[in-house]
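Residue numbers (the UniProt record's numbering), protein chains in the order written: chain P, 1 to 222; chain E, 1 to 271. See structure below.
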């Protein structure tokens with residue numbers, strides 16, 4: 001069972017390594033969207049610091065939306081998904097392997113590049129640390145929730161806009177808690193409460209989302 | 001014995017017959033309760049000592065806000081039933097409730113904005129309740145979009161049911177996160193609670209219009225479900241017999257145009 005998990009994880013990561021630009025789109029999008037805020041609102045440092053938590057977190061949401069769309073679409077096109085469904089291992093475990101792979105190539109890069117963006121917007125080191133921790137806890141939740149929407153909208157007529165419509169309302173708590181944590185530490189308060197809630201959200205999503213995704217995939221390929 | 005009777009109405013033909021008798025009563029109840037409630041509210045109830053007459057939009061606003069939430073929970077409940085027991089009628093009820101829920105969510109926001117201007121001085125405030133109502137509206141939009149996203153109706157229905165269930169788990173999380181977020185920024189300066197005591201006539205008007213909204217929701221959803229049942233049953237035995245023998249009953253079951261709300265039309269739902 002665990003072997004299948006590792007094998008699938010390995011396969012997905014290998015696929016990404018073969019087409020590296022796919023993984024970079026999300027990150028590039030993230031950087032560009034955040035860079036638009038100073039251009040749109042003016043370069044005043046105090047203002048930039050104030051909008052930084054929200055801007056970075058909103059951009060992370062949009063960047064994950066961009067990469068999540070392809071989460072199951074390619075596998076569905078080449079009929080790999082059917083074999084996953086027919087495999088003897090539980091589908092939710094296999095789904096989890098795909099989600100972990102997705103987070104490693106699409107979520108983790110956002111966490112890694114975030115300090116650079118924080119620097120751009122003039123955040124202090126302590127705030128940067130909170131930003132990284134909040135993204136580290138929050139981006140897996142985005143992947144898990146996004147997996148549900150990606151599986152539900154698989155093969156839909158208007159995939160693009162539909163995905164945003166379905167997913168963004170579900171992302172709201174992550175956005176609020178994530179940017180809230182950064183905001184707290186921007187004001188010199190402890191972000192612990194928000195981070196703990198974000199961690200709770202992660203545990204909840206981790207325990208429920210794979211089963212929901214498995215159900216959604218079964219519906220998709222019924 | 002009672003179990004069998006319940007499942008009896010999950011069969012399209014029985015459902016159609018039952019709603020045929022229920023619907024006129026429900027429409028009448030909706031009209032009667034709303035009219036009485038509005039009469040009590042507008043004529044008998046005294047003006048508020050703080051807000052004067054502007055508070056009277058409450059008779060629409062509060063029931064609409066309650067109904068929007070209740071309809072989402074009902075929709076998710078039917079979605080769950082559909083997913084677990086594969087009862088087709090549950091899916092029909094879920095998608096029949098959605099446009100009415102969306103309508104009430106929109107009405108709650110709109111009437112709230114009209115109420116907010118004279119009392120708070122702003123049409124919109126990022127208050128916890130307002131924000132979570134707005135997100136509820138988005139959830140309805142996502143549900144309706146997904147419900148009509150696939151050619152295969154069965155597939156659309158199942159996907160939308162699953163989304164409704166996921167949404168209902170998320171709803172309390174959204175509600176609390178929005179509340180914490182809001183208190184972080186400006187403190188809980190605004191709540192929707194009025195002066196603590198409410199005169200008896202105000203309360204009566206509120207309860208009456210609430211019951212009216214319940215009856216309207218039941219009637220609208222059942223009406224829509226009825227036409228969906230007919231549409232899906234298509235050429236089955238009982239529908240054909242209905243068409244041949246009982247003209248009036250068939251004619252009553254057909255007003256699909258009446259059932260579809262304009263908002264549902266905008267989203268491309270087939271009436």
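Glycine is no exception: its CB is placed at the ideal position from the N, C-alpha and C atoms.
Assignment of beta-bridge partners to residue 222 of chain P by DSSP yields no partner. Residue 209 of chain E places its beta carbon less than 8 Å from that of residue 37 of chain E. Residues of the region 167 to 179 of chain P with a C-beta atom less than 9 Å from some C-beta of chain E are 167, 168, 169, 170, 172, 173, 174, 175, 176, 177 and 179, listed in chain order.
Along the region 40 to 68 of chain P, there is no position whose C-beta sits under 8 Å from a C-beta of chain E. Cβ neighbours of residue 130 of chain P within its own chain (closer than 6 Å, five residues either side excluded): 181, 182, 185 and 191. In summary, no residue of the region 111 to 136 of chain P has a CB separated from any CB of chain E by less than 8 Å. Under the 8 Å Cβ criterion, the region 143 to 150 of chain E does not count as touching the region 42 to 55 of chain E, having fewer than three qualifying pairs. Residue pairing of residue 48 of chain E in beta bridges, as defined by DSSP: E:52. With fewer than 16 other CB atoms across the displayed protein chains lying within 10 angstroms of its CB, residue 237 of chain E is exposed. Nearest Cα to residue 49 of chain E within the set E:199, E:137 and E:42: E:199.
Here the alpha carbons of residue 12 of chain P and residue 2 of chain P stand approximately 16 Å from one another.
Within chain E, no residue has its CB atom less than 7 Å from the CB of residue 32 of chain P, the nearest being about 25 Å off. With fewer than 16 other Cβ atoms inside 10 Å of its own Cβ, residue 6 of chain P counts as exposed. Secondary structure within the region 76 to 100 of chain P: the alpha helix (DSSP H) runs of 4 or more consecutive residues, fully enclosed, are 80 to 86 (chain order). For residue 66 of chain E, the CB contacts under 8 Å within the same chain, skipping 5 residues up- and downstream, are 210 and 213 in chain order.
Apart from the 5 residues on each side of it in sequence, residue 106 of chain P sits with its Cβ closer than 6 Å to the Cβ of 26 and 67 in its chain, given in chain order. Residues of chain P with a Cβ closer than 9 Å to the Cβ of residue 170 of chain E are, in chain order, 145, 169, 170, 172 and 173. Taking the C-beta atoms as reference points, residue 84 of chain E is found no nearer than 8 Å to residue 205 of chain E. The alpha carbon of residue 175 of chain P has as its nearest neighbour, out of P:120, P:121, P:142 and P:98, the alpha carbon of P:142. Within its own chain, the residues whose Cβ lies closer than 7 Å to the Cβ of residue 112 of chain E, once the five positions on either side in sequence are excluded, are 61 and 130, listed in chain order. Residue 151 of chain P places its beta carbon less than 8 Å from that of residue 220 of chain P. With respect to the C-alpha of residue 19 of chain P, the residue from P:74, P:120, P:148 and P:49 having the closest C-alpha is P:74. For the C-beta of residue 158 of chain E, the chain P residues within less than 8 Å are, from N- to C-terminus, 219 and 222. Put simply, the CB of residue 218 of chain E is far from chain P, with every gap to its CB atoms at 8 Å or more. Fewer than three pairs of CB atoms, one per stretch, sit closer than 8 Å, so the region 101 to 117 of chain E makes no contact with the region 156 to 176 of chain E. Under the three-state reduction of DSSP, residue 126 of chain E is assigned to coil, being neither helix nor strand. For the options E:64, E:241 and E:175, the alpha carbon positioned closest to that of residue 127 of chain E is the one of E:175.
Along the length of the region 38 to 65 of chain P, whole alpha helix (DSSP H) runs at least 4 residues long do not occur. Between the C-alpha atoms of residue 69 of chain E and residue 99 of chain E there is a straight-line separation of about 13 Å. Contact check for residue 119 of chain P and residue 214 of chain P: beta-carbon distance about 41 Å, past the 8 Å limit, so the pair fails to qualify.
If you draw a straight line from the Cα of residue 220 of chain E to the Cα of residue 126 of chain P, it is about 55 Å long. Taking the beta carbon of residue 181 of chain E as reference, the chain P residues within 7 Å of it are 176 and 180, listed in sequence order.
In the three-state DSSP reduction, residue 154 of chain P falls in the coil class, being neither helix nor strand. Residue nearest to residue 205 of chain P within the set P:179, P:71, P:96 and P:60 is P:96 (criterion: CA-CA distance). Interface with chain P (8 Å Cβ-Cβ cutoff): residue 145 of chain E is included.
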